[in-house]
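Let me begin by presenting the structure, written as structure tokens, before commenting on it.
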Amino acid sequence: MIIIDGKNETLGRLASYAAKEALKGEQIAVVNCEQIIITGNKQMIKENLESKRTHVGSTQKGPKVSRLGERIVKRTIRGMLPNYRKGRGRDAFKRVKCYLGIPKEYEGKKMISMNKPKSRGKVVTIKELAKQW
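Each residue of the sequence shown is one higher than the one before, starting from 1 at the first, in the numbering used here.
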């Protein structure tokens with residue numbers, strides 16, 4: 001079981017690491033999803049996610065993009081997996097769990113943090129993005 005602390009982690013780096021480990025067969029738990037950051041222009045990120053949310057297709061089908069923080073992270077990890085609907089991609093996706101905050105069963109356990117020194121220039125947290133959206 002790998003527990004990843006998402007505090008001040010970059011979304012893309014965290015998602016690619018979690019996807020690789022899930023494909024190897026590891027159980028992945030990502031905690032503190034609301035504190036994960038997305039780098040780039042805040043307005044562009046917001047517009048991109050808003051366009052995905054409003055493009056729903058028909059009333060029966062279509063991409064349903066959630067605005068919950070843990071769902072945004074899980075969807076990003078899903079995008080890094082090979083064909084999440086079949087075979088090993090589906091099995092890997094089932095091994096990934098995302099949480100807001102730290103659940104009681106993971107308190108006090110060893111967590112992986114991939115913090116590298118980075119400038120806090122153009123960044124937006126998942127919490128800010130979900131709140132504005």
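We put the beta carbon where it would ideally sit given N, CA and C, even for glycine.
- If you ignore the 5 residues before and after V123, its C-beta comes within less than 6 Å of the C-beta of I37, T39, all in its own chain and listed in chain order.
- If you draw a straight line from the Cα of I112 to the Cα of E70, it is about 18 Å long.
- The stretch 97 to 107 and the stretch 21 to 35 touch, with no fewer than 3 CB-CB distances between them shorter than 8 Å.
- Ranked by how close their Cα comes to the Cα of G89, the residues Y99, A130, A18 have A18 in first place.
- Distances from the alpha-carbon of K24 to those of A130, A92, E50 put A92 closest.
- In the DSSP assignment, K97 falls within the beta strand (DSSP E) that extends over 96 to 98.
- Distance between S16 and I77, taken at the CA atoms: about 7 Å.
- Comparing alpha-carbon positions, the option among I72, E34, M80, N41 lying closest to A22 turns out to be M80.
- Less than 8 Å separates the beta-carbon of K127 from that of E34.
- Take N83, set aside five residues on each side of it, and the residues of its chain with a beta-carbon closer than 7 Å to its own are G89, in chain order.
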